[in-house]
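Asks:
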Amino acid sequence: MQKRVITIQDISCIGKCSLTVALPILSAAGLETSILPTAILSTHTGGFTGYTFRDLTEDVEPITAHWKSLDVRTDAIYTGYLGSERQQQLIAQLFSDFRGSDTLILVDPAMADQGKLYPAFDERFALGMRDLCAQADIIAPNITEASLMLEKPYPGEDYDQAWIEQTLRELADLGPAQVVLTGVSFTPESLGAAAFNRTTGSVDYYFTERIAGYYHGTGDIYSSALLAALLNDKPLAEAIRVACEFTVGAIRRTHDAQTDPKYGVDFEHELGHLIELLKG
Ligand code: PXL
């Protein structure tokens, strides 16, 4: 039977990220994708000024109340960029309302990068995200988000394998059985992800070439592809590989085309590649 995902993130009208990447990626992976928009922005908040922001927190309860009346069931719930602290609490409630015995809950605590919180957020929001991560089965922070949630100093580029593996374990101690840390790099020419599975105790890494520049929305693309792979029955080590190869392919296209990276990366031309990776 076709699997269903409910994904909960903002709509940034311009600047591909959050729902405008999650929906096409999950659909291409054969997943029925329902959405709960957390906010509507004219653009994302990274690199644009003067953007509009309509918070949809007030809509969360009526939408979920209606879904409950429909007896909606889902194979996965996937959250990304949220609009408010109150939303973090409402979404924790949504998890318990819609969690079945096999439902996979993925929280991407999309709130910070390169040592800094995104403009809309503060430290309290980061701790709210930590509490939401505690309710997840799998989380996918970058190193900045991990540091904020664990209230430890952001290491910049100054970390080693022991730091990464200690951080993975500390994140798993918050609650999730599986942790994927993105933006991990031990050499100047490579970048990738590390994954920890608490049940088996295994740590896996996957790296690809590092492409110069900062590419907006790639964390959301990564998490969407990760979930697509997991729901297509890939084990975690394989899912981080699929997500890395898909994401770097999209970055490479955008780098080669020399388009402005704040508008997002060309993941659309990589969707065929994603489908191949999922078959493999
Ligand atoms: O890609 C993360 C993201 C999602 N949504 C909004 C953002 C950002 C990052 O800046 O601003 C609105």
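So our numbering is basically just the index in the sequence shown, starting at one, shifted up by 1374.
The beta carbon of each residue, even a glycine, is placed where N, CA and C say it ideally should be.
#1: On the DSSP bridge list, what partners appear for ASN1516?
#2: When every heavy atom of the ligand PXL is checked, does at least one fall within less than 6 Å of the C-beta of THR1419?
#3: Please report how far the alpha carbon of PHE1570 lies from the alpha carbon of ALA1508, in whole angstroms.
#4: I need the straight-line Cα distance from ASP1640 to ALA1624, nearest angstrom please.
#5: Does DSSP put LEU1430 in a helix, in a strand, or in coil?
#6: Near GLY1591, which residues of its chain fall below 8 Å by C-beta distance, leaving aside the five closest residues on each side in sequence?
#7: Would you list the residues sitting across from TYR1579 in a DSSP beta bridge?
#8: Helix or strand or just coil, what does DSSP make of GLU1435?
#9: Measure the C-alpha to C-alpha separation of PRO1493 and PHE1620 and round it to an integer number of angstroms.
#10: Mapping DSSP to helix, strand and coil, what is ARG1584?
#11: Looking only at its chain, what residues have a beta carbon closer than 8 Å to the beta carbon of ARG1627, apart from the 5 residues adjacent to it on each side?
#12: Between VAL1379 and ASP1471, how many whole angstroms is the CB-CB distance? I'm expecting something under 8 Å.
#13: Using a Cβ-Cβ cutoff of less than 7 Å, which residues in the same chain neighbour MET1485 once the five nearest sequence positions on both sides are dropped?
#14: Whose C-beta lies closer than 8 Å to the C-beta of TRP1537 among residues of the same chain, with five residues either side of it excluded?
Replies: This is what the structure holds:
#1: As a working note, residue 1516 is residue 142 in the sequence shown. DSSP output for ASN1516 lists THR1556 as bridge partner(s).
#2: Here residue 1419 refers to the residue found at position 45 of the sequence shown. Yes, the beta carbon of THR1419 sits closer than 6 Å to at least one heavy atom of the ligand PXL.
#3: To locate residue 1570, count along the sequence shown from 1; it is residue 196. To locate residue 1508, count along the sequence shown from 1; it is residue 134. Rounded to whole angstroms, PHE1570 to ALA1508 spans 15 Å at the Cα level.
#4: The residue you call residue 1640 lines up with position 266 of the sequence shown. The residue you call residue 1624 lines up with position 250 of the sequence shown. Using only the alpha carbons, I get a separation of about 5 Å.
#5: Counted from its first residue, the sequence shown places residue 1430 at position 56. If DSSP states are grouped into helix, strand and coil, LEU1430 belongs with coil.
#6: To locate residue 1591, count along the sequence shown from 1; it is residue 217. Cβ neighbours of GLY1591 beyond the five flanking positions: GLY1389, LYS1390, CYS1391, SER1392, VAL1395, HIS1418, GLY1638 and VAL1639.
#7: The residue given as residue 1579 occupies position 205 in the sequence shown. TYR1579 pairs with ALA1568.
#8: Looking up residue 1435 in the sequence shown gives position 61. In the structure shown, GLU1435 sits in a helix (DSSP, three-state: H, G or I).
#9: Counting from one through the sequence shown, the residue named residue 1493 turns up at place 119. Counting from one through the sequence shown, the residue named residue 1620 turns up at place 246. Distance between the alpha carbons of PRO1493 and PHE1620 is about 28 Å.
#10: One-based indexing of the sequence shown puts residue 1584 at position 210. Coil.
#11: Working through the sequence shown from its first residue, we reach residue 1627 at position 253. Answer for ARG1627: VAL1639, ASP1640, HIS1643 and GLU1644, listed in chain order.
#12: Taking the first residue of the sequence shown as position 1, residue 1379 is located at position 5. Taking the first residue of the sequence shown as position 1, residue 1471 is located at position 97. 16 Å between Cβ atoms; not a contact.
#13: As a first step, residue 1485 is located in the sequence shown; it is residue number 111 there, counting from the start. Cβ within range, chain order: LEU1491, TYR1492, PHE1495, PHE1499, ALA1500, MET1503 and GLU1519.
#14: Translated into the one-based positions of the sequence shown, residue 1537 becomes position 163. If we look at TRP1537 and ignore the five residues flanking it on each side, its Cβ neighbours are PRO1529.
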